Amino acid sequence: MNVPLISVIIPVYNQEKWIGRCLRSLINQSMIRDNYELIVINDGSSDRTNYALDLFSDEIELITNEKNKGLPAALNMGIKTSRANHIVRVDADDYVNENFLFLLHEFLLQNTYMDAVACDYLLIDDEENIIDRKHCIKYPIGCGIMFKSSQLLEVGLYDEEFKLYEERDLRHRFEEKYKIHRLELPLYRYRRHENNITNDIESHVKHTQKLKDKHGI
2 MNVPLISVII PVYNQEKWIG RCLRSLINQS MIRDNYELIV INDGSSDRTN
52 YALDLFSDEI ELITNEKNKG LPAALNMGIK TSRANHIVRV DADDYVNENF
102 LFLLHEFLLQ NTYMDAVACD YLLIDDEENI IDRKHCIKYP IGCGIMFKSS
152 QLLEVGLYDE EFKLYEERDL RHRFEEKYKI HRLELPLYRY RRHENNITND
202 IESHVKHTQK LKDKHGI
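Numbering (our numbering), first residue to last: 2 to 218.
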């Protein structure tokens, strides 16, 4: 069996509306398909996500949780299943440019002193209209960052206590030892809509305090 260069980790929870768009963008990459694997973690979805994923059964490696374990737990399951030296997270309601995987991977190959690389992203609405272009270092998100799997494992993966801001916690620990560089191309499409988890104010307050308690930030 061919060992992939990249593992794409796609957590999904009740995203029947968007997961097809996400997966199509990842299947139709300019990189040779055998060079990357798509690991989807269906984290206890109760809608028709299962049906949507069945349509892509030949293209994905599927992990199914009968009950919802939370985003960081789902991500860790995907990372531990990975067979590649490089890992990148793509969320189920987002999608990517056709050159997303090739350019991020090539950037790291040509700059061997670099640890990880993030790309800029376009903020879009539900109709895929572009709202804004975002600088990935000034306005960081948890997706669109290509890591070396060995370094992710070294820093301890995602803290499963963080049901929100799990990416901030991981990033803080990662950047204590390593650096995330910027690829100045908007290769990622980050969807803003009313169901974004970050719209939950109560959870925002709780997990902001957890970050302060853990890291003093």
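Backbone N, C-alpha and C fix where the C-beta goes; we use that ideal spot for every residue, glycine too. Predicted, not measured: the structure shown is a model, and the values here were computed from it.
(1) Answer with buried or exposed for residue 122, where buried requires no fewer than 16 other C-beta atoms within 10 angstroms of its C-beta.
(2) Does the contact criterion of 3 or more C-beta pairs under 8 Å hold for the region 122–135 versus the region 35–44?
(3) Which of helix, strand or coil does DSSP assign to residue 183?
(4) For residue 61, does the three-state DSSP call read helix, strand or coil?
(5) As a quick exercise: from 47, 28, 91, pick the residue whose alpha carbon is nearest that of residue 60.
(6) Taking residue 93 as part of the beta strand (DSSP E), name the residues at either end of that continuous run.
(7) When you compare only the Cα positions, how much space is there between residue 105 and residue 4?
(8) What do you reckon, are the CB atoms on residue 12 and residue 72 nearer than 9 Å?
(9) For residue 185, I'd like the list of residues in its chain whose CB is within less than 7 Å of its CB, leaving aside the five on either flank, ordered along the chain.
(10) Note down the Cα distance separating residue 46 from residue 19, rounded to an integer number of angstroms.
(11) Spatial neighbours of residue 158 within its chain, please: CB distance less than 7 Å, with the 5 preceding and 5 following residues excluded, ordered by chain position.
(12) Around the C-beta of residue 55, are 16 or more other C-beta atoms found within 10 angstroms, so that it is buried, or is it exposed?
(13) Check for me: the alpha helix (DSSP H) holding residue 141 runs from which residue to which?
(14) Three-state secondary structure (DSSP) at residue 147?
(15) In angstroms, rounded to a whole number, what distance separates the CA positions of residue 177 and residue 68?
(16) Would you mind working out which of 66, 110, 118 sits nearest residue 90, comparing C-alpha positions?
(17) Are the beta-carbon atoms of residue 189 and residue 57 separated by less than 9 Å?
(18) Under the three-state reduction of DSSP, which class applies to residue 34: helix, strand or coil?
(19) From the DSSP output, read off the bridge partner residues of residue 122.
(20) In whole angstroms, what is the alpha-carbon distance linking residue 16 and residue 94?
(21) Given a cut-off of 9 Å, decide if residue 31 and residue 86 are closer than it, judged by their beta-carbon atoms.
(22) Determine which residues share a DSSP beta bridge with residue 43 and list them.
(23) Between residue 148 and residue 187, what straight-line distance do the alpha-carbon atoms span, to the nearest angstrom?
In this structure, then:
(1) Buried: at least 16 other Cβ atoms inside 10 Å.
(2) The region 122–135 is not in contact with the region 35–44.
(3) strand
(4) coil
(5) 28
(6) Residue 93 -> no beta strand (DSSP E), and no H or E assigned at all.
(7) Using only the alpha carbons, I get a separation of about 18 Å.
(8) yes
(9) 121
(10) 13 Å
(11) 77, 80
(12) exposed
(13) Neither: residue 141 is in no alpha helix (DSSP H) and is coded neither H nor E.
(14) strand
(15) 34 Å
(16) 118
(17) No; because the gap between Cβ atoms is not below 9 Å, this pair is not in contact.
(18) helix
(19) Residue pairing for residue 122: DSSP places it in a beta bridge opposite 135, 189.
(20) 7 Å
(21) no
(22) Answer is 13, 65.
(23) 18 Å
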